[in-house]
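Enquirer: First the structure, then my questions, so here it is.
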Amino acid sequence: MPRRARASTPASTGKAAASGLKKVPTGITGLDEITLGGLPFGRTTLVTGGPGCGKTLLGMEFLVQGARQFDEPGAFIAFEETAQELTENVQSVGYGLEPLLKSGKLMLDYIRIERSEIEETGDYDLEGLFVRLAHAIDSIGAKRLVLDTLEVLFAGLKDHGILRAELRRLFRWLKDRQITAIVTAESAPDGKLSRHGIEEYVSDCVIALDHRISQQISTRRLRVVKYRGSSHGANEYPFLIDDGGLVVFPITSLGLDYGAPAGHIASGVAGLDEALDGRGFFRGSSVLITGTAGTGKTSVAAQFANATCARGQRCLYFSMEESPDQIVRNMRSIGMNLAQWRKRGLLQLHSARPTLHGLEAHLATVYRAVSLFDPQVVIMDPLTGLSSVGSDREVTAVITRLLDFLKAQQITALFTTLVSMQADPEHSDVGVSSWMDTWILLRTLELAGTRRRALYVIKSRGMSHSDQIHELKFTSRGIRILPGSAVSP
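Residue numbers 0 to 488, in numbering that gives the first Met the number 0, belong to the letters of the sequence shown in order.
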């Protein structure tokens, strides 16, 4: 059965990383890869960002995954939301907290603080807070702690000297108890990481979350700003919040060190495998199908999906133009019953307009779906839809990362792209044809007063292939190409 993939993390918490610093895996997909093992053991990590960027959710997932994956109890101390409100709010992203609360793996504590109670009148004293923290930690033997959020705790303080001293005192108190903690803070309107400009300097690790809008497209991003004693990924990484929780996708290219399987996989189109050295596509390769509107790109892609499922393998199909039901209905006209594969759990159809997400969020969506479904084949129809949400350079960069990711998983990928009738047919609008292993061009030709579909293989790395132009026939029993050079330009 397909299952959610976990990030590469140590088998147990508190394991020393290559740098010598002991780390605690968060259990959050992607974050442990970026931090090279997790958060610093027994130290405090500051998570900062604006409203709605996911600070509270990241902290809660740190505790939930710690309890579920690593059997480590955790305490969540809130200064803004009650325990009931927290429980209800995180239910929408798949966190059922009740079992963890009843089993003693999780504790929620709401501390109500009035600003008037912490005005600078005399000495500022955190002893009352330490008593509450000690009770929460000791009551369940907590190894992990989240404080949400610092602004409420220190709202009445204006003296930076006092604030810095009290923050150090709080962090030292946690460190002495070897508690791995996340403390959340609001970023400042002027772009600073925190409102006081102090929190990031006294924290051992700082993670900045961002929720930005570009060309009316929303994207959440994460960046590890600093990590004392350890190297880490320094780029910005997109992350998603959905009904499965929070997932971070390291978007940097995975390089060219993936394997190259020697096996083959049938295309499902009668006659096409014969044009590809008689064996079809290489398993784990990338296939590009280009053509103008109406040449049959989606039909060829669907035929490949149908053949994949008929072999008992899983196929993940992303469509940017048609709904799942529309694809299933249309393919019936050429003899394909895709509904049966959906019912058996072998075919997943994901449909969304390109403008639903930013480019890198689309990439993270694919990563998440692949991790959950574990397919042998992934289809994206069409890639050119991404051009509406980014520049040519940005689209090319995202597709490169996608190709690297799928190749590293040894997943066979098929992409379609639309070519303008005025453009050179042997040209890919998204500029990735040179990176594809197999490139198939579909065209319409006018011969003897009739319009015919034609197919020819421009390239297929690692194998001999037909150099002829073949007629592509659509029938009620499927698609096939005619042998030999059935048509000529």
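Virtual Cβ for every residue (Gly too), placed ideally from N, Cα, C.
#1: Would the beta-carbon of N305 fall within 8 Å of that of G267?
#2: From the DSSP output, which residues share a beta bridge with V205?
#3: Tell me, which residues are paired with P260 by DSSP?
#4: Taking the DSSP output, what are the residues bridged to L105?
#5: For A133, count neighbouring C-beta atoms within 10 Å of its own C-beta (all shown protein chains included) and say buried if the count is 16 or more, exposed if not.
#6: For G283 versus R452, is the C-beta spacing smaller than 8 Å?
#7: Taking the alpha helix (DSSP H) that W340 belongs to, which residues open and close that run?
#8: So V327 and L358 are in contact, right, with Cβ under 8 Å, and what is the actual spacing, rounded?
#9: D31 by DSSP, collapsed to three states: which one?
#10: State whether the region 197-210 contacts the region 46-56, with contact taken as three or more CB pairs (one from each stretch) at a distance under 8 Å.
#11: For the putative contact between V46 and I240, defined by C-beta atoms under 8 Å, what is the C-beta separation to the nearest angstrom?
#12: For I161 and F238, I'd like the C-alpha separation in whole angstroms.
#13: Taking buried to mean at least 16 other C-beta atoms within 10 Å of its own C-beta, is E185 buried or exposed?
#14: For I110 versus F61, is the C-beta distance shorter than 8 Å?
#15: Of all the beta strand (DSSP E) runs that stay within the bounds of the region 425-460, which reach a length of 3 or more residues?
#16: How far does the beta strand (DSSP E) with C52 in it reach, from first residue to last?
#17: Please identify the residue among T364, L96, E199 and G73 whose C-alpha is closest to the C-alpha of Q177.
#18: Out of curiosity, what's the CA-to-CA distance linking T44 and E198?
#19: Buried or exposed: where does R352 fall if 16 or more other Cβ atoms within 10 Å of its Cβ makes it buried?
#20: What do you reckon, are the CB atoms on D466 and V286 nearer than 8 Å?
#21: As a quick exercise: from K191, E150, K104 and L146, pick the residue whose alpha carbon is nearest that of F170.
#22: With 16 other CB atoms within 10 Å as the buried threshold, where does D380 fall?
#23: When you compare the region 23-40 with the region 72-91, are there three or more beta-carbon pairs, one atom per stretch, that lie closer than 8 Å?
#24: Of all the beta strand (DSSP E) runs that stay within the bounds of the region 135-189, which reach a length of 3 or more residues?
#25: Based on Cα-Cα distance, which residue from H349, A265, M335 and V246 lies nearest to G93?
#26: Whose C-beta lies closer than 6 Å to the C-beta of S350 among residues of the same chain, with five residues either side of it excluded?
#27: Within the continuous beta strand (DSSP E) that includes H469, where are the two ends?
#28: Could you check what DSSP says for T120 in three-state terms: helix, strand or coil?
#29: Could you tell me the alpha carbon to alpha carbon distance between A274 and V456, rounded to whole angstroms?
#30: Just verifying my parser: in three-state terms, what is the DSSP assignment at F404?
#31: Between A141 and L107, is the Cβ-Cβ spacing less than 8 Å?
#32: T179 and T148 - do their beta-carbons sit closer together than 8 Å?
#33: Under the DSSP definition of a beta bridge, which residues are partnered with Q347?
#34: Since L382 contacts T415 with CB under 8 Å, what's their CB separation in whole angstroms?
#35: Among Q90, V394, I181 and L105, whose alpha-carbon lies nearest the alpha-carbon of F69?
#36: Within the same chain, show all residues whose beta-carbon is closer than 7 Å to that of R476, passing over the 5 residues directly before and after it, in chain order.
Expert: With the structure as the only source:
#1: Taking the sequence shown and counting its residues from 1, the one referred to as residue 305 is at position 306. Taking the sequence shown and counting its residues from 1, the one referred to as residue 267 is at position 268. Contact flag set, yes.
#2: In the sequence shown, counting from the first residue as 1, residue 205 sits at position 206. BP columns for V205 point to L45 and K225.
#3: As a working mapping, residue 260 is identified with position 261 in the sequence shown. None, per the DSSP bridge assignment.
#4: Start at 1 with the first residue of the sequence shown, and residue 105 comes out as number 106. Checking the DSSP bridge columns, you'll see L105 partnered with G73.
#5: Residue 133 sits at position 134 when you count from the first residue of the sequence shown. Looking at its Cβ environment, which holds fewer than 16 other Cβ atoms inside 10 Å, A133 is exposed.
#6: In the sequence shown, residue 283 corresponds to position 284, counting from 1. In the sequence shown, residue 452 corresponds to position 453, counting from 1. Note that the C-beta distance between G283 and R452 is not below 8 Å.
#7: On the sequence shown, residue 340 is found 341 positions in, with the first residue counted as 1. Segment L337 to K342, the alpha helix (DSSP H) holding W340.
#8: Position 328 of the sequence shown, counted from the start, is the residue given in the question as residue 327. Position 359 of the sequence shown, counted from the start, is the residue given in the question as residue 358. A Cβ-Cβ distance of about 28 Å is found for the pair V327 and L358, leaving them out of contact under the 8 Å criterion.
#9: Looking up residue 31 in the sequence shown gives position 32. Three-state DSSP puts D31 in a helix.
#10: Result yes; three or more Cβ-Cβ pairs closer than 8 Å.
#11: Translated into the one-based positions of the sequence shown, residue 46 becomes position 47. Translated into the one-based positions of the sequence shown, residue 240 becomes position 241. Rounded, the Cβ-Cβ distance is 14 Å, inconsistent with contact.
#12: Taking the first residue of the sequence shown as 1, we reach residue 161 at position 162. Taking the first residue of the sequence shown as 1, we reach residue 238 at position 239. Distance between the alpha carbons of I161 and F238 is about 36 Å.
#13: Within the sequence shown, the letter at position 186 stands for residue 185. Under the 10 Å beta carbon count, E185 is surrounded by 16 or more other beta carbons and is classified as buried.
#14: Indexing the sequence shown from 1 puts residue 110 at position 111. Indexing the sequence shown from 1 puts residue 61 at position 62. For I110 and F61, no; Cβs fall outside 8 Å.
#15: Whole beta strand (DSSP E) segments, 3+ residues: 437-446 and 449-459.
#16: Start at 1 with the first residue of the sequence shown, and residue 52 comes out as number 53. Looking at the DSSP string, C52 is not in any beta strand (DSSP E), and its letter there is neither H nor E.
#17: Indexing the sequence shown from 1 puts residue 177 at position 178. Here the closest residue by C-alpha is G73.
#18: Counting from one through the sequence shown, the residue named residue 44 turns up at place 45. Counting from one through the sequence shown, the residue named residue 198 turns up at place 199. Roughly 10 Å separates the two Cα atoms.
#19: Numbered from its first residue, the sequence shown carries residue 352 at position 353. With fewer than 16 Cβ atoms within 10 Å of its Cβ, R352 is classed as exposed.
#20: Translated into positions along the sequence shown, residue 466 becomes position 467. Translated into positions along the sequence shown, residue 286 becomes position 287. Taking a C-beta distance under 8 Å as the contact criterion, D466 and V286 do not qualify as a contact pair.
#21: Within the sequence shown, numbered from 1, the residue matching residue 170 stands at position 171. Nearest of K191, E150, K104 and L146 to F170, Cα basis: L146.
#22: In the sequence shown, residue 380 corresponds to position 381, counting from 1. Counting other Cβ atoms within 10 Å of its Cβ, D380 reaches 16 or more and is therefore classed as buried.
#23: In this structure the region 23-40 does not touch the region 72-91; the number of beta carbon pairs closer than 8 Å is below three.
#24: You should have 143-147 and 179-185.
#25: Residue mapping note: residue 93 aligns to position 94 of the sequence shown, counting from 1. Ranking the options by Cα distance to G93, first place goes to V246.
#26: Stepping through the sequence shown from its first residue, residue 350 is reached at position 351. Residues of the same chain with a CB within less than 6 Å of the CB of S350, apart from the 5 flanking positions on each side, are S318, S322 and P323 in chain order.
#27: Counting from 1 along the sequence shown, the entry for residue 469 is found at position 470. Per DSSP, H469 belongs to the beta strand (DSSP E) from H469 to T474.
#28: Stepping through the sequence shown from its first residue, residue 120 is reached at position 121. The predicted position of T120 is uncertain, since its pLDDT is 47 and thus under 50; a value taken from the coordinates is nonetheless stated next. DSSP places T120 in the coil class of the three-state scheme, outside both helix and strand.
#29: Numbered from its first residue, the sequence shown carries residue 274 at position 275. Numbered from its first residue, the sequence shown carries residue 456 at position 457. Going from the Cα of A274 to the Cα of V456 covers about 8 Å.
#30: Your numbering for residue 404 matches position 405 in the sequence shown. Here F404 sits in helix by DSSP.
#31: Position 142 of the sequence shown, counted from the first residue, corresponds to residue 141. Position 108 of the sequence shown, counted from the first residue, corresponds to residue 107. For the pair A141 and L107, the CB atoms are not nearer than the 8 Å cut-off.
#32: The count along the sequence shown starts at 1 and reaches residue 148 at position 149. The count along the sequence shown starts at 1 and reaches residue 179 at position 180. Judged by their CB atoms, T148 and T179 are not nearer to each other than the 8 Å cut-off.
#33: Indexing the sequence shown from 1 puts residue 347 at position 348. Q347 is bridged to L315.
#34: Your numbering for residue 382 matches position 383 in the sequence shown. Your numbering for residue 415 matches position 416 in the sequence shown. That pair is a contact at about 7 Å.
#35: Start at 1 with the first residue of the sequence shown, and residue 69 comes out as number 70. Taking only the C-alpha atoms, the option nearest F69 is L105.
#36: Within the sequence shown, residue 476 is the residue found at index 477, counting from 1. For R476, where only same-chain residues beyond five positions count, the Cβ hits under 7 Å are G334.
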